[in-house]
Ligand code: P6P
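Numbering (the working numbering), first residue to last: 64 to 394.
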C-alpha cells in the first residue's frame, strides 16, 4: 500500500467501479453488513463480561437484556439488512426457513445467506469465532425472494466473505476481483485495508482436520493424512496439524499461511453448502486456491435444500490436488 488509509467503505465503492452496470445497491448492502458486524464485534469483545454479569439475572448492569451471542448476531444482521431495500430475502443457519423481507420494507434484487456466528461453542473458551456471508442476485420474477433464489450454485455468487473475531477483528471479502482483508481499528471504529489482494501460497505445510474422527475416515482421506505425516524434507513433510474447530479461523489461517483444511464426508459431512462452503470456496478460489467435496468443485454443486451439508476440502492448490488424487484412487 502507498501508506494511505483505505476504509472498507471506500474499497467497496472502488470495487463497484469495476462493474459499470452496478446500481449502488450492492455497495449499500455491503455497507449495511459492515455496520452489523461492527456491532457484533463490540458484543463479542464483551461476551465474557456479559456472561459474568448475565449470571446475576436476565439483565446486565446496563439494563440490556442478556442474549445469546449468536441470537444477537442473527438479529443484528437481519435488522440491519432488511430495511434498506437491497434484499428480496435472507437465509441463516439460525433459522429453519427462508427469511422474507417484512412487507413494510421495499424489496431488492439480492439474496443474503449467512451464518451469523460460526463456532459459537468456542465463545466460552475465548477461541476465535466468526460470521460468514454469501450474496446472490435474485433470479425469479416478482419482488419477493423465493427458495430458488437461494438454491443457486456457488459460481453464481455476487460476493462472499467472512469476519473473524480473533486477536483482532478482520473482515475478508471478494466480489470476484480478488480477495481483500480489512482490520478493525477499534479506536476509530473503521475497517482499514490491511491485506490487499490476498493470494494463498500454492503449497503449504499445515493440515487441518479433526483427528478425533480418524477411525471413521474413508480410505482416501486416511491414506492422504498418513502420507502428510511421513518424514520427507524434500516435500516439507511431516506437515504440522492445526485445528481450531471454528471454520472461519481454520480457513483464515489456511488462506494466509497455505496448507489444507478438510472436513470430509466420513464419518459424515457437517458444514453447510450455502452459507459456509460456498462463500469460503469463492474466497479461496479468488485467492488462487482450490475447494472441493473430494469429487467435485464446491462452487459447482447444485443446491437442493437450504441447510444441506457437503464435505469441504480447501486450501493451497497443490495440496488439494494431492488430496483429490488420493481420494479418487480409492473410488
Ligand atoms: P467438529 C463449529 O461448530 C463448526 O460448525 C465449524 O465452525 C467448524 O469447522 C466445525 O463445526 C468443527 O466441527 O466436528 O470438528 O467439532
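Backbone N, C-alpha and C fix where the C-beta goes; we use that ideal spot for every residue, glycine too.
message: Within 8 Å, do at least three Cβ pairs link the stretch 325-338 to the stretch 246-262?
response: With a cut-off of 8 Å, the stretch 325-338 and the stretch 246-262 do not count as touching, because too few Cβ pairs lie within range.
- prompt: How many Å lie between residue 366 and residue 214 at the Cα?
  reply: Spanning the two alpha carbons is a distance of roughly 5 Å.
- prompt: Thinking C-beta only, is residue 170 closer than 8 Å to residue 199?
  reply: No; because the gap between Cβ atoms is not below 8 Å, this pair is not in contact.
query: For residue 162, which residues of its own chain have a beta-carbon under 7 Å away from its beta-carbon, when the five flanking residues on both sides are left out?
result: Excluding its 5 nearest sequence neighbours in each direction, residue 162 has C-beta neighbours in its own chain below 7 Å: 141, 152, 153, 154 and 155, listed in chain order.
message: Using a Cβ-Cβ cutoff of less than 6 Å, which residues in the same chain neighbour residue 225 once the five nearest sequence positions on both sides are dropped?
response: Take residue 225, set aside five residues on each side of it, and the residues of its chain with a beta-carbon closer than 6 Å to its own are 193, 195, 235 and 311, in chain order.
message: Please determine whether the Cβ atom of residue 182 lies at a distance below 7 Å from any heavy atom of the ligand P6P.
response: Judged by the Cβ position, residue 182 qualifies as a neighbour of the ligand P6P at the 7 Å threshold, a heavy atom of the ligand being closer than this.
message: According to DSSP, simplified to helix, strand and coil, what is residue 302?
response: Three-state result, residue 302: coil.
message: Less than 6 Å between C-beta atoms, sequence neighbours within five positions excluded: which residues of the same chain meet that for residue 119?
response: Residue placement at residue 119 cannot be trusted, given a pLDDT of 34 that sits under 50; what the coordinates show is reported in the next sentence. Cβ within range, chain order: n/a, list empty.
message: Would you say the beta carbon of residue 273 is closer than 7 Å to some non-hydrogen atom of the ligand P6P?
response: The answer is yes for residue 273.
- prompt: Taking buried to mean at least 16 other C-beta atoms within 10 Å of its own C-beta, is residue 250 buried or exposed?
  reply: Label assigned to residue 250: exposed.
- request: Report the option in 301, 284, 216 and 297 whose CA atom is closest to the CA atom of residue 291.
  value: It is 301 whose Cα lies nearest to the Cα of residue 291.
- prompt: Cβ of residue 178 within 8 Å of Cβ of residue 309?
  reply: Going by C-beta atoms, residue 178 is not nearer than 8 Å to residue 309.
query: When you compare only the Cα positions, how much space is there between residue 85 and residue 317?
result: For the pair residue 85 and residue 317, the Cα-to-Cα distance works out to about 32 Å.
query: DSSP state of residue 141, grouped into three classes?
result: In this structure, residue 141 counts as helix in the three-state DSSP scheme.
- prompt: With a CB to CB cut of under 8 Å and the five nearest residues on each side skipped, what residues in its chain are close to residue 320?
  reply: Around residue 320, the same chain offers 264, 267 and 269 as residues with beta carbons nearer than 8 Å, after the five sequence neighbours per side are excluded.
task: Consider the Cβ of residue 382: report whether some Cβ of chain D lies at a distance smaller than 8 Å.
output: In the displayed structure, chain D is absent; only one protein chain is listed.
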